[in-house]
Amino acid sequence: EDKVVQSPLSLVVHEGDTVTLNCSYEVTNFRSLLWYKQEKKAPTFLFMLTSSGIEKKSGRLSSILDKKELFSILNITATQTGDSAIYLCAVNQGGKLIFGQGTELSVKP
Amino acid sequence: KAGVTQTPRYLIKTRGQQVTLSCSPISGHRSVSWYQQTPGQGLQFLFEYFSETQINKGNFPGRFSGRQFSNSRSEMNVSTLELGDSALYLCASSLLVNTEAFFGQGTRLTVV
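Protein chains in written order, with the numbering used here: chain A, 137 to 245; chain B, 1450 to 1561.
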C-alpha cells in the first residue's frame, strides 16, 4: 500500500530555534515530492523535489530528497512565530498527490 | 496573477441533498485536482482532470463526481450527501500533470 509518513506529528520550539521535519515514503510510480505549509485553509506550496541530493532553498527554509532511502527533510532555521503551521509532505504519483499526516509546528516567542 | 478560486467558501446542506462546488484554476493551468480534507483522514485525493478528461480517480464512491470545462474550470458534485461528507474540499491547479500543484482556499462543507 502506498504511504507517506511524517515525523514528528507535532513539535513545539522557541523563536530562533532550527527545526528539521521528516518525510518518508513508499509510493509506486514516484514522480516528485512536494512540501506545503497549511495555516488556515489553503496549503501553500513550498518546494517540489525530483532529484536526489539537490537542496532547494527559499529564505530560511530548505529541503532535500534522498530517493535511495526514500525520504526528504524540510529544515527551517531561525524560526519565527509566523512559521507556526502544519507542514505537509506529499508524493506525486503520476498526477495524484499522496499526503502524509502533517507535522504541526508551534513556535513560541 | 490570480490564484486558484473556489466557490462557495462555506456551505451547509442536509443529508440526502446534493451539492456542486466550483474551482477556477490559475490562468493557463490545464490540470485540476480535487481533495477532501478531514481531521481523521487528512488530505485524500478525489480525482484529477486534464483537458476536460478525468485522468485519475481516488477511492471514493460514485456519489462523488466531477467535470472540467474547455476553459479549465472544474466542478465537483456530491449526491445523496451523508454526514461523513462534511469536510474541507480543496482544489489544486497545475500547469501540466506532474508540475507544482497550487491549492485554492477550499470550500468548507457541513452536512447536517
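Even for Gly, the Cβ is constructed at its ideal location relative to N, Cα and C.
Distances from the alpha-carbon of Gln142(A) to those of Gln216(A), Leu170(A), Ser194(A), Gln229(A) put Leu170(A) closest. For Ser1523(B), the enclosing beta strand (DSSP E) stretches over residues 1523-1527. Taking all protein chains shown into account, His1478(B) has 16 or more neighbouring C-beta atoms within 10 Å of its C-beta and is therefore buried. Non-local beta-carbon contacts of Glu1501(B) in its own chain, meaning distances under 8 Å to residues more than five positions away in sequence, involve Arg1516, Gln1517, Phe1518, Ser1519 in chain order. Taken in chain order, the whole beta strand (DSSP E) runs of length 3 or more contained in the region 151-175 of chain A are 155-162, 168-174.
Across the structure, Phe1496(B) and Thr1456(B) are spaced so that their CA atoms are roughly 18 Å apart.
Contact annotation: Gln229(A) and Asn158(A) have beta-carbon atoms that are not nearer than 8 Å. Under the Cβ criterion (8 Å, minimum of three pairs), the region 191-198 of chain A does not count as touching the region 137-151 of chain A. Only Arg167, Ser168, Leu170, Tyr172, Lys177, Ala178, Pro179, Thr180, Phe181, Met184 from the region 164-192 of chain A bring a Cβ to less than 8 Å from some Cβ of chain B. Bounds of the beta strand (DSSP E) holding Ala1541(B) are 1536-1543.
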